[in-house]
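Trainee: Those protein sequence lines, which keep their order, are chains X and E.
Start counting at 1 in the first sequence, then tack on 480, and there's your number in my numbering.
Start counting at 1 in the second sequence, then tack on 4, and there's your number in my numbering.
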Amino acid sequence: MPLCSMENVTKTYRLGSQTVEVLRGVSFGIEQGEFVAIIGPSGAGKTTLMNLLGCLDVPTSGRYMLSGRDMSNLTDDELSLIRNEHIGFVFQNFYLIPYATVFENVLLPTLYRDHNTNEAAKLASRLLEMVGLQERDKFRPGQLSGGEQQRVAIARAIINNPELVLADEPTGQLDSKTATEIMKILARMNQDGKAVAIITHDVNIASYAQRTIRMEDGLIV
Amino acid sequence: MKQAIQAVMAYRVRSFFCLISVALGISSIAVIVAATEGAYKRAFEIVGRFGPDSLLVIGGSEESRALGRWPKTIKLAYVEAVRQAFPTVYMVVPMTFVGDIPVSFRDKKYQTRVIGSTADYTRAWTWPVIQGSDFTEEDIKGIRNVGLIGQEVSRELFGETDPVGKYILVRRIPVQVVGVLAERGITGGGHKLDNRIVLPITTVMKKFVNETQYITAFRARFVDQHNLKAREEELRLFLRQEMRTADDQPDPFRIVSPTAIIKFLVALTGSLVAFIGIAGIICLIVAGFVLANLFLLSVKERTKEIGIRRAIGARRRDIVTQFLGESVIITSIGGIVGFILALLGSRLLTYIAEFPMYFSWKAFAVGMGLSWIVGIASGLQPASRAAQIEPIEAIRE
């Protein structure tokens, strides 16, 4: 059974009186522990696909299964819980909370579930060590470089041990050397058994993936 | 919770202004509660000392008293008449006041008020003699020069030495001190009580005011305290009759009852309460609006933060809790600061105006309760606005 699968998923948005069909029947799956890259020109529907994969949004029609569960008819609270437990997000702009320390940013997802504070703190320290930022745990995001911020975001994405990590242009704001470091960290996470899906338009970045899914005009081609 | 504190700290300028306005509102409200409680406490203390079963009849109509005249209208004979006419009265004590009398002991001089009364005086006012003894019926009948002195008189004239048995000069008349009255403090109207000298009424009437009939006031205590209102009215009619007052004339005397004292004190407090109350409520409303607007602004500013929190698993209600938490933290600190301000402010008020203040857990509870209400009321709308933010909108690049 794949980790997640989409069957004939469509997504339309209403823009005033117009309806825009962003996804026009997408079917594909991601296996446990797989590393896939979703590439395509802007406007192809990559981010919308990512939002659906990440349970930030629900399909207009079709079916999305994650870990054997249908995501189409869940309540907002249920979707929140799914995101918290099963999915890790890495964004192009890092999106760390500016007034919290690095350490607290990593801990953030654990606040929204029943957790053992001590264990979560230990885990956060371990993850910061893994991304090479254990010395900076008391820093604020503003005091870090872009690459460092993204490493904090990655640590945050995996603290709840999700099966799927979604990265939307994770290297978009970084120079190529730093981008390579970030990709290596993502690749190592994948080797540790997590499925990773990255959205990119950079072919070099896509080359880290085992499989590339190309999108064009709301369809997988 | 920790997150909310951090956010409050992160936006500290905003938090500070909200906190101050809440603090001002809460402090005025806390002062009010304390003033009200203080007034009631003071009122009941005074009534307790005055005697909840007592009526005080003072000569002269209210009008004449207001004009500064003290016409003689009460005769000593009424005391006996009242005793006869009212079966439930258990004590009627006549009094004659003489003001500004020079008193001296050796080279020490003092100016004070002299009261002539009977041996029942200390019982009538529940005002015990703590050194020496009360004067007696014989002292009254014999028009003797004996007296009781208040604590302040004792301090001024005798210092640490025992005044009992010593002779003092009261307007050049030698009077033997037989007893010292307990410390009494001040009346509701602000009169000192510990500077008094009490002599037999006969002595005062004959030797000080040269008067055979009229006295200043008398005090009646009743066994049926619960009927005091009715007794007051009966006494009023009885005295009008005794004085042969025409129907169209106002009472040529005034009756002070415990309820009148409470009314007076409550009215005194009332004006202050109303003034500070309005100021306090305005402060709180303004604080609430400021808070609500700053929070709305803050929600807009922090759209991305809210989006990311939602993306990593925060439910809508977690966001509501977070923002309400922030506003309640600010207003709670405001409440505590306000309470401290109130404590300091009331020191000032008591210092300049001898105003009764009493801070209890009630003032604190009302202050904190109100600060929470302001926090929740002003935080609710921004918080629900925050919770409505869709993560995909918020984190769109």
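Glycine residues also receive a C-beta, built at the ideal position from the N, C-alpha and C atoms.
Flag Q392/E as yes if its beta-carbon sits less than 8 Å from any beta-carbon of chain X, otherwise no.
Mentor: no
Trainee: Provide the residue span of the alpha helix (DSSP H) that contains N585/X, from first to last.
Mentor: 582–591
Trainee: Which residue comes first and which comes last in the beta strand (DSSP E) that contains T692/X?
Mentor: 691–696
Trainee: If you run the structure through DSSP and keep just helix, strand and coil, what is S547/X?
Mentor: coil
Trainee: Taking a cut of 9 Å between CB atoms, which residues from the segment 511–544 of chain X lie near chain E?
Mentor: T527, T528, N531, G534, L536, D537
Trainee: Relative to the C-alpha of L613/X, which residue among D594/X, H595/X, T581/X, N596/X is closest?
Mentor: That would be T581/X, whose Cα lies nearest to the Cα of L613/X.
Trainee: Within 8 Å of any Cβ in chain E, is that where the Cβ of L503/X sits?
Mentor: no
Trainee: Determine the DSSP secondary structure at N641/X, reduced to helix, strand or coil.
Mentor: coil
Trainee: Assuming contact is defined by CB atoms lying nearer than 8 Å, are Y579/X and V489/X in contact in what I supplied?
Mentor: No, they are not a contact pair.
Trainee: Please list, in chain order, all residues of the same chain as I76/E whose beta carbon is under 7 Å from its beta carbon, the five residues on each side excluded.
Mentor: Before going on, a small fix: residue 76/E reads as Lys here, not Ile. G63, Y218, listed in sequence order.
Trainee: Find the residues of chain X that neighbour E309/E, judging by a C-beta separation of less than 7 Å, and give them in chain order.
Mentor: I577
Trainee: How about V516/X and A689/X: are their beta carbons less than 8 Å apart?
Mentor: V516/X places its beta carbon less than 8 Å from that of A689/X.
Trainee: Using C-beta distances below 6 Å, list every residue in its chain close to G652/X, excluding the 5 sequence neighbours before and after it, in chain order.
Mentor: Q572
Trainee: Step through the CB atoms of chain X and report whether any lies within less than 8 Å of the CB of D334/E.
Mentor: Checking the sequence, you will find Ile at residue 334/E rather than Asp. Chain X, which has no Cβ nearer than 8 Å to the Cβ of I334/E, makes this no.
Trainee: Quick check: the Cα distance between E160/E and D104/E, rounded to an integer number of angstroms?
Mentor: 15 Å
Trainee: Sort out for me which residues DSSP pairs G63/E with in a bridge.
Mentor: F257/E
Trainee: Enumerate in chain order the residues of its own chain whose CB-to-CB distance from S137/E is below 7 Å, with the five nearest sequence positions on each side excluded.
Mentor: If we look at S137/E and ignore the five residues flanking it on each side, its Cβ neighbours are V182, G183.
Trainee: In the segment 311–323 of chain E, which residues sit with their C-beta less than 9 Å from some C-beta in chain X, listed in chain order?
Mentor: G311, I312, R313, R314, A315, I316, G317, A318, R319, R320, R321, D322
Trainee: Please say whether V61/E and F222/E have beta carbons closer to each other than 8 Å?
Mentor: Yes.
Trainee: Counting beta carbon pairs with one atom in the segment 674–684 of chain X and one in the segment 296–305 of chain E, are three or more of them shorter than 8 Å?
Mentor: no
Trainee: Cα separation between T335/E and K366/E?
Mentor: 18 Å
Trainee: Buried or exposed for F54/E, going by 16 or more other Cβ atoms inside 10 Å?
Mentor: Classification for F54/E: buried.
Trainee: Just by C-beta distance, which residues in the segment 374–400 of chain E are closer than 7 Å to chain X?
Mentor: Listed in sequence order: P395, I396, I399.
Trainee: Given this structure, state the Cα-to-Cα distance separating F574/X from A633/X, to the nearest angstrom.
Mentor: 6 Å
Trainee: Would DSSP call Y362/E helix, strand or coil?
Mentor: coil
Trainee: Does the beta carbon of D556/X come closer than 8 Å to any beta carbon on chain E?
Mentor: At a cut-off of 8 Å between beta-carbon atoms, D556/X makes contact with chain E.
Trainee: At the level of alpha carbons, what is the spacing between T307/E and G534/X?
Mentor: Taking the straight line from one Cα to the other gives about 19 Å.
Trainee: Give the interface partners of Y38/E over in chain X, defined as CB-CB distance under 7 Å, in chain order.
Mentor: The sequence shown places Ala at residue 38/E, not Tyr. Those do not exist, as A38/E stays about 38 Å from chain X at its closest Cβ, beyond 7 Å.
Trainee: On a Cα-Cα basis, can you pick out the residue from T220/E, R200/E, A123/E that is closest to M209/E?
Mentor: T220/E
Trainee: List the residues of chain E whose Cβ lies closer than 7 Å to the Cβ of P650/X, in chain order.
Mentor: Think of a sphere of 7 Å around the beta carbon of P650/X: no beta carbon from chain E falls inside it, the nearest being about 13 Å out.
Trainee: Specify whether the segment 333–353 of chain E and the segment 29–40 of chain E touch according to this definition: at least 3 beta carbon pairs, one from each stretch, less than 8 Å apart.
Mentor: yes
Trainee: Given a limit of 8 Å on CB to CB distance, which residues of the segment 585–601 of chain X reach chain E?
Mentor: Under the 8 Å Cβ criterion, the segment 585–601 of chain X contributes L588, P589, L591, Y592, R593.
Trainee: Alpha carbon to alpha carbon, what distance is there between L591/X and T597/X?
Mentor: Cα to Cα, T597/X sits roughly 9 Å from L591/X.
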